[in-house]
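Protein chains in written order, with the working numbering: chain V, 341 to 458; chain P, 516 to 657. Here the structure comes first, spelled out in structure tokens, and everything after it is commentary.
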Amino acid sequence: MKIGDTLLVALQGDLDDTTVIRIEEQLTREVARTAATGMLIDVSRLSVVDSFIARVLARIVAMVRLLGAHAAVVGIQPAVAITLVELGVPMGHLDTALNAEQGLALLQRLRRTDAGTD
Amino acid sequence: MRTELDAGREPVDFGIIDESDLIRVRKVLRTEAEEVGLNLVDTTKLITAGSELARNILNYATDRRGRVHVEQVRRGGRRGVRATFADDGPGIADIDAAMTDGFSTRGSMGLGLPGAKRLVDDMTLTSSPGTGTTVVIVKWQR
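Listed below in structure tokens is the structure:
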């Protein structure tokens, strides 16, 4: 789904590793194909995010950044956030927001910061 | 450990042979955790710990194979879920190192074992080179 220049992607269900890797490839291609300047990855319907899934999420964000767009992870469930912190998965460098609406605002700020430093 | 099996509930046993079993582990642990009455955060922690341990088997065990045994336990008035992850793999030569954050022989983040331990109430690891590895985790109702 695309809102303006931003792709909105909702992950759901119980993801196995192969599916996660496939999603990673699809999303990266999709950013290039649509020339989107931003992507929101909505994980509010993921009830479990283990270290592998978290690592791939971080990788997707980094890849999207290399393509010149900004990506943010939105909707991390509170129980998942607590679990990720105790597990020790470093997510602090990721741009995250509580929900899609705040995510869109975050992407706008990031774009403005980009424009400001040009 | 003074734990007793919960009467009236059959333990669940199955093999870890491929990636789809990660999903099965998560599903079984969710069912058991909900039955025992763990809250959402504890359920999520237990499932995530189980997912890490099952993936360890796929990553490190011989032929990527192992077994999972899940049972409900009771101690005093509290109920809990105990899950055992066993494999006949090469074993862990240095358990202390394996339990240290960031230690990995495979270029991963090395969070699997120490991370899983932080997510559960109790974790015991038995391993020696050549005889495989068994990890038992327990999560109790609050």
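Note that CB positions come from ideal geometry on N, CA and C, so glycine has one too. Here the structure is a predicted model, which means the values were calculated and not measured.
- Using a CB distance cut-off of 9 Å, P/Ala631 counts as an interface residue toward chain V.
- Residue pairing from DSSP places P/Ser643 in a beta bridge opposite P/Gly647.
- With the rule of 3 Cβ pairs closer than 8 Å, the segment 362–380 of chain V counts as touching the segment 409–429 of chain V.
- Annotation: Cβ neighbours of V/Val420 in chain P (cutoff 7 Å, chain order): Thr559.
- The beta-carbon separation of V/Val413 and V/Asn439, rounded to 11 Å, does not stay under the 8 Å limit for a contact.
- Taking a cut-off of 8 Å on C-beta distances, the segment 424–441 of chain V does not touch the segment 540–553 of chain P, as fewer than three cross pairs fall below it.
- Under DSSP, V/Met379 shares a beta bridge with V/Leu347, V/Ala411.
- Bounds of the alpha helix (DSSP H) holding P/Ile538 are 535–551.
- In terms of Cβ geometry, V/Thr346 and V/Leu397 do not form a close pair [threshold 9 Å].
- 9 Å or more divides the Cβ of V/Lys342 from the Cβ of V/Leu351.
- With fewer than 16 neighbouring CB atoms inside 10 Å of its own CB, V/Gln366 falls in the exposed class.
- The segment 623–643 of chain P and the segment 531–543 of chain P do not touch, with fewer than three beta-carbon pairs separated by less than 8 Å.
- At a cut-off of 9 Å between C-beta atoms, P/Gly627 counts as an interface residue with respect to chain V.
- Here the alpha carbon of P/Thr558 sits roughly 16 Å from the alpha carbon of V/Arg385.
- A direct Cα-to-Cα measurement between V/Ser387 and P/Gly552 gives close to 17 Å.
- In the structure shown, the three-state DSSP call for P/Arg657 is coil.
- One Cα belongs to P/Ile607, the other to P/Leu555, and the distance between them is close to 32 Å.
- DSSP places V/Arg373 inside the alpha helix (DSSP H), whose first and last residues are 357–374.
- Against chain V, a Cβ distance below 9 Å from P/Arg570 picks out Asp357, Asp390, Ser391, Phe392.
- With a threshold of 16 other beta carbon atoms within 10 Å, V/Thr453 falls short and is exposed.
- For V/Thr436, the three-state secondary structure derived from DSSP is strand.
- Per DSSP, the continuous beta strand (DSSP E) segment holding P/Val527 begins and ends at 527–531.
- Here the alpha carbon of P/Gln587 sits roughly 11 Å from the alpha carbon of P/Arg593.
- Across the segment 395–429 of chain V, CB contacts with chain P closer than 9 Å involve Arg395, Gln417, Pro418, Ala419, Val420, Ile422, Thr423, Leu424, Glu426, Leu427, Gly428, Val429, in sequence order along the chain.
- Chain-ordered listing is empty here: chain P has no CB closer than 9 Å to the CB of V/Ser384, the nearest sitting near 14 Å.
- P/Val556 sits in a helix when the DSSP states are folded into three classes.
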